[in-house]
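Below is one structure, written out as structure tokens; comments come after it.
2 protein chains.
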Amino acid sequence: MPAILTVDAVLLTLLDSELHVALHKRETEPCKGHWALPGGYVHEDEDSSAKDAAARVLLEKTAIKSPYLEEFGTFSGPLRDPRGWSLTVVYFALVAEPMASNLVELFPVNKLPALCFDHHKIVDSVVERVRNKAGYSSLPVHLVAKEFTISELHAAYESVLGERLGMSSFRRRLDGMGILEEVPGATRLLGRNRPAQLYRVALRYRNKLSLRDRVL
Amino acid sequence: MPAILTVDAVLLTLLDSELHVALHKRETEPCKGHWALPGGYVHEDEDSSAKDAAARVLLEKTAIKSPYLEEFGTFSGPLRDPRGWSLTVVYFALVAEPMASNLVELFPVNKLPALCFDHHKIVDSVVERVRNKAGYSSLPVHLVAKEFTISELHAAYESVLGERLGMSSFRRRLDGMGILEEVPGATRLLGRNRPAQLYRVALRYRNKLSLRDRVL
DNA sequence: TCAATAGTGTCTATAAGACACTATGCC
DNA sequence: GGCATAGTGTCTTATAGACACTATTGA
Numbered sequence: 299m300p301a302i303l304t305v306d307a308v309l310l311t312l313l314d315s316e317l318h319v320a321l322h323k324r325e326t327e328p329c330k331g332h333w334a335l336p337g338g339y340v341h342e343d344e345d346s347s348a349k350d351a352a353a354r355v356l357l358e359k360t361a362i363k364s365p366y367l368e369e370f371g372t373f374s375g376p377l378r379d380p381r382g383w384s385l386t387v388v389y390f391a392l393v394a395e396p397m398a399s400n401l402v403e404l405f406p407v408n409k410l411p412a413l414c415f416d417h418h419k420i421v422d423s424v425v426e427r428v429r430n431k432a433g434y435s436s437l438p439v440h441l442v443a444k445e446f447t448i449s450e451l452h453a454a455y456e457s458v459l460g461e462r463l464g465m466s467s468f469r470r471r472l473d474g475m476g477i478l479e480e481v482p483g484a485t486r487l488l489g490r491n492r493p494a495q496l497y498r499v500a501l502r503y504r505n506k507l508s509l510r511d512r513v514l
Numbered sequence: 299m300p301a302i303l304t305v306d307a308v309l310l311t312l313l314d315s316e317l318h319v320a321l322h323k324r325e326t327e328p329c330k331g332h333w334a335l336p337g338g339y340v341h342e343d344e345d346s347s348a349k350d351a352a353a354r355v356l357l358e359k360t361a362i363k364s365p366y367l368e369e370f371g372t373f374s375g376p377l378r379d380p381r382g383w384s385l386t387v388v389y390f391a392l393v394a395e396p397m398a399s400n401l402v403e404l405f406p407v408n409k410l411p412a413l414c415f416d417h418h419k420i421v422d423s424v425v426e427r428v429r430n431k432a433g434y435s436s437l438p439v440h441l442v443a444k445e446f447t448i449s450e451l452h453a454a455y456e457s458v459l460g461e462r463l464g465m466s467s468f469r470r471r472l473d474g475m476g477i478l479e480e481v482p483g484a485t486r487l488l489g490r491n492r493p494a495q496l497y498r499v500a501l502r503y504r505n506k507l508s509l510r511d512r513v514l
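Protein chains in written order, with my numbering: chain A, 299 to 514; chain B, 299 to 514.
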């Protein structure tokens, strides 16, 4: 009997300044009716890679299309799935909007319900990695909308890192990197205060952010 | 037909201050007689995880036991192996000694021979990651012997990073981290000069070095 | 005018780099 | 003593953090 090969996706987003993960109720055995990560088998006839499979599974099970998707690693062994020796390739996705999908429900990453298989451990490991990586990369950019204010980005960093960041050094570093550009003329007004300049990721970095680590 | 599941190991070491990778000549089809990474199938009856499988394969094909082993990621798709849709979990290992094994041969990582499958791409990706990670972690410690001089460690960092590092700030950072300890009384003498103090990784960090990233 | 958040300027503490200086062995 | 590498001290420069200051809106 060959090993079972699956992919799982850890979809993360910020809700009320707190990291949340998207979970769904499994509709098939094993573990039917319980919370689990969106995941599934690789389809050899349609998936040209494991990452493709993860993107497809995410679309099918959460109706979220092409977010930021990065491989985390694998989990494997004879005991983690009752069907036998299994290996899952875990991907994590970061999205800006608390998406309106009735296929999944969002849970704060430190208040998870009981999860199937080793999915609790998987979520914990991914969150640890994301927090860690936020400290030396521009990862949290993917947690804000396409156009955002410095304050919003600053808040996203603080939420993910779980610590306060000085605002002036934060701006200084952003400036020095040249990774952001102003959206000309666009501002956002929230209260009765000075409106904030909107920014976006500069075109030349649009699809390279995950590569350029250690930028912030 | 189910997907083919394999593990491959990228074993790296320093030889003449240059990163080398261990390759072997495949003895079975496909790609028989050509250079490839040590790799093989997961054995469901004896491997309790993919990492276990990688360690076993490394021992069988290179006679190297329990080096530093870290998961790099996966490579997958319908075309990379002529036998069909395949996924390989790639691990990299770092060892100190240019080991005496007639099972493998060492090649400089930027002068590789023709390699089977997508192994050339795999080696390149791993080397890039290792170079990158050396910039913010203590990874290169695994490329020197258990007891080493500061100069040797300094040279290892310079080799992996491909750039010169100031010696005094290098020492300062090592001191500040408290990750190393002197081997009492032990020194190494190479020429007609002052002998160098030998150091080793402090006990409390012995098995945690890969976890404590961003230390150097 | 005030309240509230956006954004800037500047002072200070810390860390990095450069490099001169001392230390200790063999010849 | 001379030479070669090990190791230290110190000066300078770049960067991070703190925080006070100015800017711009609605009420």
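Glycine residues also receive a C-beta, built at the ideal position from the N, C-alpha and C atoms.
Note that the structure is predicted; figures quoted are calculated from it, not measured.
Discussion item. Taking 8 angstroms as the limit between beta carbons, can you name the residues of its chain near L496(B), skipping five residues before and five after?
Written reply: E445, F446, T447, E480, V481, A484, T485, R486
Practice prompt. Just list the beta strand (DSSP E) runs in the stretch 376-407 of chain A, keeping only unbroken ones of 3 residues or longer that don't cross its boundaries, in chain order.
Written response: 384-392, 403-406
Worksheet item: Between which two residues does the alpha helix (DSSP H) carrying L321(A) extend?
Response: Where L321(A) is concerned, there is no enclosing alpha helix (DSSP H), although the beta strand (DSSP E) it sits in stretches over 316-323.
Practice prompt. Tell me, please, whether the CB atom of R487(B) is closer than 9 angstroms to any CB atom in chain A?
Written response: Looking at the sequence shown, residue 487(B) is not Arg but Leu. Not one chain A Cβ lies under 9 angstroms of L487(B).
Worksheet item: For T304(B), does the count of other Cβ atoms within 10 angstroms reach 16, so buried, or fall short, so exposed?
Response: buried
Fill in: Contacts of Y455(B) in chain A (Cβ-Cβ under 8 angstroms)
None at all; the shortest Cβ gap to chain A is about 16 angstroms.
Discussion item. For the alpha helix (DSSP H) containing R429(A), name the first residue and the last one.
Written reply: 417-432
Discussion item. Looking at the secondary structure, which residues open and close the beta strand (DSSP E) in which R486(B) lies?
Written reply: Residues 478-486.
Worksheet item: Per DSSP, what kind of secondary structure is V305(B) in: helix, strand or coil?
Response: Judged by DSSP in its simplified three-state form, V305(B) adopts strand.
Practice prompt. Check V513(B) in the structure and name its three-state DSSP category.
Written response: Low confidence applies to V513(B): its pLDDT is 49, below 50, so where it sits in the model is not reliable enough to give any reading.
Worksheet item: Who are the near neighbours of R462(B) in its chain, counting only those whose CB is closer than 7 angstroms to its CB and skipping five residues on each side?
Response: E456
Worksheet item: Can at least three beta-carbon pairs, one atom from the stretch 304-320 of chain A and one from the stretch 417-429 of chain A, be found at a separation below 8 angstroms?
Response: yes
Discussion item. Using the Cβ count rule (16 or more neighbours within 10 Å means buried), how would you classify R510(A)?
Written reply: Reliability fails at R510(A), whose pLDDT of 47 lies under 50, so the model's placement of it is uncertain and no value is given.
Worksheet item: Hey, how far is the Cα of R512(A) from the Cα of T326(B)?
Response: Its pLDDT being 48, under 50, R512(A) is placed unreliably in this model, and the value from its coordinates should be taken loosely. Approximately 43 angstroms, taken between the alpha carbons.
Worksheet item: Quick one: Cα of C329(B) to Cα of Y366(A), how far?
Response: 36 angstroms
Practice prompt. Could you tell me if L377(A) is buried or exposed, where buried requires 16 or more neighbouring beta carbons within 10 angstroms of its beta carbon?
Written response: exposed
Discussion item. Tell me the rounded alpha-carbon separation between L310(B) and K359(B).
Written reply: CA-to-CA, the gap between L310(B) and K359(B) works out to about 15 angstroms.
Practice prompt. Out of L404(B), V499(B), G375(B), N505(B), state which residue places its alpha-carbon closest to the alpha-carbon of L335(B).
Written response: That would be L404(B), whose Cα lies nearest to the Cα of L335(B).
Worksheet entry | Where T372(B) sits in the DSSP three-state scheme | strand
Worksheet entry | 9 angstroms Cβ cutoff, P376(B) in contact with chain A | yes
Worksheet entry | Where the alpha helix (DSSP H) through V355(A) begins and ends | 348-360
Discussion item. Would Y389(A) and V458(A) qualify as a contact pair, given that the criterion is a beta-carbon distance under 9 angstroms?
Written reply: no
Discussion item. For P438(B), would you say it is in contact with chain A, using Cβ-to-Cβ distances shorter than 9 angstroms as the test?
Written reply: P438(B) is outside the set of residues whose beta carbon lies under 9 angstroms from a beta carbon in chain A.
Worksheet entry | Three-state secondary structure assigned by DSSP to V439(B) | helix
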